[in-house]
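*Asks:* Here our numbering is used: the first residue of the sequence shown is 29, the next is one more, and so on.
Glycine residues also receive a C-beta, built at the ideal position from the N, C-alpha and C atoms.
Let me begin by handing over the structure; questions about it come next.
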Amino acid sequence: MFSRQWKTLVMLAISILVVGVPLAYADLYWETEQVSQGVPGKQGPAIVKHYYTSKASRQDLADGKIMITDFEAKTVYQIDPATKTYSVMNLADLGGAKEMEGMPADQRKMMESMMGSMQITPTNDTKTINGYNCRKYLMNFMMTSGEYWVSKDVKGLDELKSISEKTAKIYEGNPMLKQMNVAAIMNQMDGFPVQTITQLMGGTITNTLVKMEQKSLSGDLFKVPSDYTQKAMNTP
29 MFSRQWKTLV MLAISILVVG VPLAYADLYW ETEQVSQGVP GKQGPAIVKH YYTSKASRQD
89 LADGKIMITD FEAKTVYQID PATKTYSVMN LADLGGAKEM EGMPADQRKM MESMMGSMQI
149 TPTNDTKTIN GYNCRKYLMN FMMTSGEYWV SKDVKGLDEL KSISEKTAKI YEGNPMLKQM
209 NVAAIMNQMD GFPVQTITQL MGGTITNTLV KMEQKSLSGD LFKVPSDYTQ KAMNTP
């Protein structure tokens, strides 16, 4: 079995692939409808909420948990409101040599293979999704493959691109997430992912943009509630 830290690292990588790679100087809030089929966790439709500033991001996930990333501290918080607990990870410490040294040879080989280069392939397929003119791209990374339906019509796209290089530096210390070069992804796809269809673990996760807003976000959104208890990453 993988360590809890590696499972979280893989989940973080997949979440970036599933929801896209947007960040902006202005605060940004958007919602996606997520439909999961044949993968662990909640099945059927759910609304996933995304909050982004230049300093931090937050995702209210379909399973009720919350993931907060502090870009300046390069720290990820996994929060479980149901149990009022949270765990903390340093991105620079995950997926590196220290983590892999303690793994059995077969697990280490698997993780190394998962760190292979991301492949993005444009197609000529187009369609309109929720009012946005989209072009289809194919994505392959780690154990996932999928379709990205990308549009240039999403408000704030230029601003998203302008911050992408800064965002990419956040993951420089992590061999796995470094493969997910944000600037390169934005440039290769030339647009915002309005819909993503990701194949993983024998199932499918589809995320579709339903709302996008540029508005001021409170810093409290990116803080762990004071009455929550921290737990170790290897705690169930």
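Once DSSP output is grouped into helix, strand and coil, what is the label at Ala110?
*Replies:* In the structure shown, Ala110 sits in coil (DSSP, three-state: anything other than H, G, I, E or B).
*Asks:* Look up Gly159 in the DSSP assignment and say whether it is helix, strand or coil.
*Replies:* Gly159: coil per DSSP, three-state reduction.
*Asks:* Report the CB separation of Thr232 from Gly66 in whole angstroms; it is logged as a contact under 8 angstroms.
*Replies:* Going by Cβ atoms, the distance from Thr232 to Gly66 rounds to 6 angstroms, so yes, they are a contact pair.
*Asks:* What does Ser115 pair with, by DSSP beta-bridge criteria?
*Replies:* DSSP output for Ser115 lists Gln106 as bridge partner(s).
*Asks:* In terms of residues, what are the limits of the beta strand (DSSP E) holding Met95?
*Replies:* Segment 94-98, the beta strand (DSSP E) holding Met95.
*Asks:* So what's Ala260 in DSSP terms, helix, strand or just coil?
*Replies:* Correct three-state label for Ala260: coil.
*Asks:* Rounded to whole angstroms, what's the CA-CA distance from Asp255 to Thr103? Just pull it up for me.
*Replies:* If you take the alpha carbons of Asp255 and Thr103, they lie about 20 angstroms apart.
*Asks:* Gln227 bridges to which residues according to DSSP?
*Replies:* DSSP output for Gln227 lists Ser173, Thr232 as bridge partner(s).
*Asks:* Quick check on DSSP: helix, strand or coil for Ala84?
*Replies:* In this structure, Ala84 counts as strand in the three-state DSSP scheme.
*Asks:* Compare the C-alpha of His78 against each of Lys93, Asp181, Pro68 and name the closest.
*Replies:* Closest by alpha carbon: Lys93.
*Asks:* Going by the beta-carbon positions, is the gap between Lys183 and Asp218 smaller than 9 angstroms?
*Replies:* Not in contact: Lys183 and Asp218 (Cβ atoms no closer than 9 angstroms).
*Asks:* Looking at the structure shown, is Gln147 part of a helix, part of a strand, or coil, going by DSSP?
*Replies:* In this structure, Gln147 counts as strand in the three-state DSSP scheme.
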